[in-house]
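What follows is a short report on a single structure.
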Amino acid sequence: MAERATKAVAQRALKESTLAAALGTLASDADAGVREAAMGALAAFAARAGSLGAVDKGLEKLDEGKRKKVEEAVAALGPGQGPSGHGLAPGSGGAIRAGAPTGSARSAGPASARPGAKAAGAPAELAAAPRLSPEEIAARVPELFGAEVWEGLQSAKWQERLEAVGAIEAWVSSRIADEDAAFSSIEAGTVAQCLAFVPGWSKEKNFQVINKGFEIVAALAGPGPGLARADALTAIEPLAERLAELKHRLPAAAALSALAESATPGFVAAELRRVASAAKNPKVPAETLGWTATAIAEFGLAPGKFDVAGLLEWAREALGSAAAPVRSRGVELLGALHATLGPAIAAQAVEGLKPAQASQVEDAFKKSPQGSAPEPVRQVKKRGGKVATKSADASAAAPPDEAGDVEMADADDDADALLPRADISAAITPSLLELLSSSNWKERSVGLDGVEEVLRSAGGRVGPNLGSELLPALRARLADTNRNLAARALGAIGRLAAAVGPRGDWERAAQRAQLLPAVAACLSDNKRQVRDAVLGALREWLAVGGPDVAALAATADVVAGAKTIADGKVAALQW
8 MAERATKAVA QRALKESTLA AALGTLASDA DAGVREAAMG ALAAFAARAG
58 SLGAVDKGLE KLDEGKRKKV EEAVAALGPG QGPSGHGLAP GSGGAIRAGA
108 PTGSARSAGP ASARPGAKAA GAPAELAAAP RLSPEEIAAR VPELFGAEVW
158 EGLQSAKWQE RLEAVGAIEA WVSSRIADED AAFSSIEAGT VAQCLAFVPG
208 WSKEKNFQVI NKGFEIVAAL AGPGPGLARA DALTAIEPLA ERLAELKHRL
258 PAAAALSALA ESATPGFVAA ELRRVASAAK NPKVPAETLG WTATAIAEFG
308 LAPGKFDVAG LLEWAREALG SAAAPVRSRG VELLGALHAT LGPAIAAQAV
358 EGLKPAQASQ VEDAFKKSPQ GSAPEPVRQV KKRGGKVATK SADASAAAPP
408 DEAGDVEMAD ADDDADALLP RADISAAITP SLLELLSSSN WKERSVGLDG
458 VEEVLRSAGG RVGPNLGSEL LPALRARLAD TNRNLAARAL GAIGRLAAAV
508 GPRGDWERAA QRAQLLPAVA ACLSDNKRQV RDAVLGALRE WLAVGGPDVA
558 ALAATADVVA GAKTIADGKV AALQW
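Sequence positions in the sequence shown follow the working numbering and run 8 to 582.
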């Protein structure tokens, strides 16, 4: 809409409607795709309307980081332009796109990509990044490296192309070594775009030329000034695909690691996942998963470095692959996460797996217990190519908009910061509570199904806000005449105990509901199924730092009770 609107129409639409405010609200949506699209729309309307002031009602709903993204996107678009206008010459025959299929920029002519074309799946803020057209690249390469290099890059002889790429490598090395030279990330990005165009990542067939190009990318992103994310995108896709080929694996992996230092490892991992999900060759997802597991060990899991929830989801998807190497790498990624996060990911990792596969994952967890992660050996750069210093101020889980915008957090990784807990209070609806208290046992069973589904949806990590009625409703089910439902209620209580955090919140909530005495009292039940469920719930309770003294007192009352059967007393005493 914004790209087709005139300035007057855009201004009127923003003035006479709640459009800007609605977009501002959507910019904080739970879905990452919705957030990025909303910020992109705000930028497009602001650019069309001629000022950021036109979308003030939306901007006021954004935090500083999101506002900065919108402002940068507007600046890239330029005044009066929509998403498709990036300041390219009117007659240019296309543009190298952020995230374009590996390769080369499209050739000039009507069939080529329109200027500013957006790659499918690329983040919204990157779609606004200006790309060099083929004509601009044809002018810049001779200007930077000389006419002979430009001719060599286009030669039909691989030896001449290799010599030309070697000349570019020498030029980059000399600029990096010269401390007096102002080698900016913008200039480095120009080199990266040139390499993507000619010799071109997909057009080039000689492995030596390709590997030399990857080494240049690694130099630009690593010891060099760093690459902005939009420029990193021109290399990540070809690197991911070549990672699957043995002759390219080492230089491709090194280049990806350097890009991770420049653009954050989480950004690189997210792009690798996007490429892997569309790849037909199973070696691509297998090797990208393997690289990501290694990157976790090298960079650590401090907040801001990785999207842990996204990595968990990717690993789970890999476990469902038909290709054994992909499944194996998925298990490896889960093990790398477990080395830092430990039990925090266990419930989500094994949920719904077949026994054999769950056993594989559990074995990986045993090999990588919590606390076994090595000390990070890589850091993310700040702007200007310097390594970021550790700072406790950078605790936001979201990665920065550009390479090095924030400093990385200290190595004291907090599972709650890396993998936020879900607030399930809105899911505890009146209708769910009515089912739990129904006179019909089938409806009570459906209510317990609902509670279990809420916990599954939360991934086994629940915030402290449970509402005031859930625990009393579960407590009432412990006296259910249908003892199978009582056992299920005990199971739900145990899972809640394991899921609720931070530590101490479960204790307070359970104490308010007078839950522990009611749970322990079920040890006197005639059914072994119920007694076993009690022991399971108590184990979960104490595993998260539950009230030892209170638990002992409650079980002591059961043991001393005149109505407690012998088996119940034995179970309580053994526990």
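Note that the Cβ used here is the ideal one computed from N, Cα and C, for glycine as well.
Quick caveat, the model's predicted, so the values are computed rather than measured.
| said: Using the three-state DSSP reduction, which class does K290 fall into: helix, strand or coil? | reply: Residue state, collapsed to three classes: helix.
| said: Within a Cβ cutoff of 7 Å, which residues of the same chain sit near A480, ignoring the five residues on either side of it in sequence? | reply: For A480, where only same-chain residues beyond five positions count, the Cβ hits under 7 Å are L440, L443 and S444.
| request: Drop a sphere of 10 angstroms on the beta-carbon of P376, count the other beta-carbons inside from all chains shown, and report buried for 16 or more, exposed for fewer. | output: Counting other Cβ atoms within 10 Å of its Cβ, P376 stays below 16 and is therefore classed as exposed.
| query | Counting Cβ pairs, one atom from each stretch, are 3 or more of them under 8 Å apart for the region 270 to 286 and the region 359 to 370? | reply | No, the region 270 to 286 does not touch the region 359 to 370.
| query | If you run the structure through DSSP and keep just helix, strand and coil, what is K388? | reply | In the displayed model, K388 falls within a strand according to three-state DSSP.
| What residues are listed by DSSP as bridge partners for N429? | Asn is not the amino acid found at residue 429; the sequence shown has Ala there. DSSP lists V469 as partners of A429.
| request: Just tell me which of L30, A302 and G317 has its CA closest to the CA of D63. | output: Looking only at L30, A302 and G317, the smallest Cα-Cα distance to D63 is reached by L30.
| request: Take E79 as the anchor and find which of G65, A483, A51 and S192 has the nearest alpha-carbon. | output: It is A51.
| Candidates T488, G467 and V537: which alpha carbon is nearest A504's? | Considering only alpha carbons, the answer is G467.
| field | Stretch-stretch touch, CB-based, cutoff 8 Å, three pairs: the region 330 to 344 with the region 492 to 499 | value | With a cut-off of 8 Å, the region 492 to 499 and the region 330 to 344 do not count as touching, because too few Cβ pairs lie within range.
| task | Rounded to whole angstroms, what's the CA-CA distance from Q536 to T436? Just pull it up for me. | result | For Q536 and T436, the gap between their C-alpha atoms comes out near 29 Å.
| request: State yes or no: is the C-beta of A540 within less than 8 Å of the C-beta of V565? | output: Contact: no.
| Inter-residue Cα distance where the pair is T488 and D430 | If you take the alpha carbons of T488 and D430, they lie about 31 Å apart.
| Using 8 Å as the threshold, is the region 206 to 222 in touch with the region 369 to 384, meaning 3 or more CB pairs across them? | Inter-segment contact for the region 206 to 222 and the region 369 to 384 is absent: fewer than three beta-carbon pairs are separated by less than 8 Å.
| said: Tell me which residues share the same chain as K570 and place their Cβ nearer than 7 Å to its Cβ, disregarding the 5 neighbours each side in the sequence. | reply: Around K570: S531.
| said: So L1 and L426 are supposed to be a Cβ contact under 8 Å. How far apart are they, rounded? | reply: What is shown of the chain runs 8 to 582, which leaves residue 1 out entirely.
| task | Starting from the Cα of A304, find the closest Cα among E324, S475, Q386 and S438 and give me that residue. | result | Considering only alpha carbons, the answer is Q386.
| said: Considering only heavy atoms of the ligand ADP, does any lie closer than 7 Å to the CB of G60? | reply: Within the structure as shown, the ligand ADP is missing, as the structure has no ligands at all.
| Alpha-carbon spacing of T295 relative to A351, whole angstroms | A straight-line Cα-Cα distance of about 24 Å links T295 and A351.
| query | Leaving out five residues before and five after W513 in sequence, what residues of the same chain have Cβ atoms less than 6 Å from its Cβ? | reply | So the qualifying residues of the chain are A504 and V507.
| Counted within 10 angstroms of its Cβ, other Cβ atoms place S379 as buried (16 or more) or exposed | Its Cβ having fewer than 16 others within 10 Å, S379 is exposed.
| said: Could you tell me the alpha carbon to alpha carbon distance between Q200 and A184, rounded to whole angstroms? | reply: So the two alpha carbons sit approximately 22 Å from each other.
| Minimum C-alpha distance to A424 - residue among Q367, D314 and I193 | It is D314 whose Cα lies nearest to the Cα of A424.
| message | Tell me the rounded alpha-carbon separation between H255 and L263. | response | C-alpha separation (whole angstroms): 12 Å.
| Reference A203; option with closest CA among A265, V172 and D456 | Nearest C-alpha to A203: V172.
| message | Please report the distance separating the alpha-carbon of L455 from that of S446. | response | Pairing L455 with S446, the inter-Cα distance amounts to about 14 Å.
| query | Beta-carbon separation of V333 and Q367 under 8 Å? | reply | Contact: no.
| request: Would you mind reading off the limits of the alpha helix (DSSP H) that contains Q536? | output: Counting along the chain, the alpha helix (DSSP H) containing Q536 begins and ends at R535 to A550.
| Expected contact under 8 Å - CB spacing of R249 and I217 to nearest Å | Going by Cβ atoms, the distance from R249 to I217 rounds to 7 Å, so yes, they are a contact pair.
| said: Which residue marks the beginning of the alpha helix (DSSP H) containing T347, and which one marks its end? | reply: If you look at T347, you'll find it in the alpha helix (DSSP H) that goes A331 to L348.
| For A270 versus A239, is the C-beta distance shorter than 8 Å? | Yes, they are a contact pair.
| message | By DSSP's criteria, A507 is part of a beta bridge. Which residues make up the other side? | response | Here the sequence assigns Val to residue 507, which means Ala is not the residue at that position. DSSP output for V507 lists V469 as bridge partner(s).
| request: Decide if E414 is buried, meaning its Cβ has at least 16 other Cβ atoms within 10 Å, or exposed. | output: Its pLDDT being 40, under 50, E414 is placed unreliably by the model, and the measurement read from it follows with that caveat. E414 is buried by the Cβ-count criterion.
| request: Closer than 7 Å by C-beta to A259: which residues in its own chain qualify, once you throw out the five before and the five after it? Chain order, please. | output: Beyond the five residues adjoining it in sequence on each side, A259 comes within less than 7 Å, by CB distance, of F221, L246, R249 and L250 in the same chain, given in chain order.
| field | Cut-off 8 Å between Cβ atoms - residues of its own chain near R463, not counting five sequence neighbours on either side | value | Hits under 8 Å: E358.
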